[in-house]
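Position in the sequence shown (first residue = 1) + 11 = the numbering used here.
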Amino acid sequence: PHFLNTMATHDEKLKKLEEATNSSQVLLIESQAKFEQATKALDDAKSKLKALSPEAQQALQVNDTDLPELIEAKMIAETERDEAKKRYEKNQMYFMTFKAKVGQK
């Protein structure tokens, strides 16, 4: 009976670790897409500014553009992506380690 309880506990823990790994992978994918969108928006804004005449570029103040907001959005998205990646990698490591420990493949 004790062995069966241990197996059930191991199976439950393995399932929870797998669910945590899967949900953190979804967050990683979403945060990567958000980062890519923020990067593209910033790159597009920079391209538009570079396309302006030199006179128009000189007349612009940084605050006249969306650059500060776009840079901030990219930085936030990058931080979120990096945190999601760390969480996913940690969850995956725990899952794989526990899976190997209980002998399931």
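Built from N, CA and C at the ideal position, the CB exists for glycine as well.
Sequence-distant residues of its chain with Cβ nearer than 6 Å to residue i (five each side left out)
i: Ala52; result: Leu81
i: Ser35; result: Arg98, Tyr99 and Asn102
Three-state class that DSSP yields for residue i in the structure shown
i: Val113; result: coil
i: Asp54; result: helix
i: Ser64; result: coil
i: Gln72; result: coil
i: Asp77; result: coil
Other residues of its chain near residue i: CB distance less than 8 Å, five sequence neighbours each side excluded
i: Leu4; result: As shown, the chain starts at 12 and ends at 116. That puts residue 4 outside it, with no answer to give.
i: Glu91; result: Ser42, Lys45 and Phe46
Nonlocal neighbours in the same chain, by C-beta distance under 7 Å from residue i, ignoring five residues either side
i: Tyr105; result: Leu28
Exposure of residue i, with buried meaning 16 or more beta-carbon neighbours within 10 Å
i: Lys85; result: buried
i: Thr32; result: buried
Test: residue i CB closer than 8 Å to a CB of chain D
i: Leu39; result: Considering every chain present, this structure includes no chain D. It has just one protein chain.
Beta carbon of residue i nearer than 8 Å to that of residue j
i: Asp77; j: Ala56; result: yes
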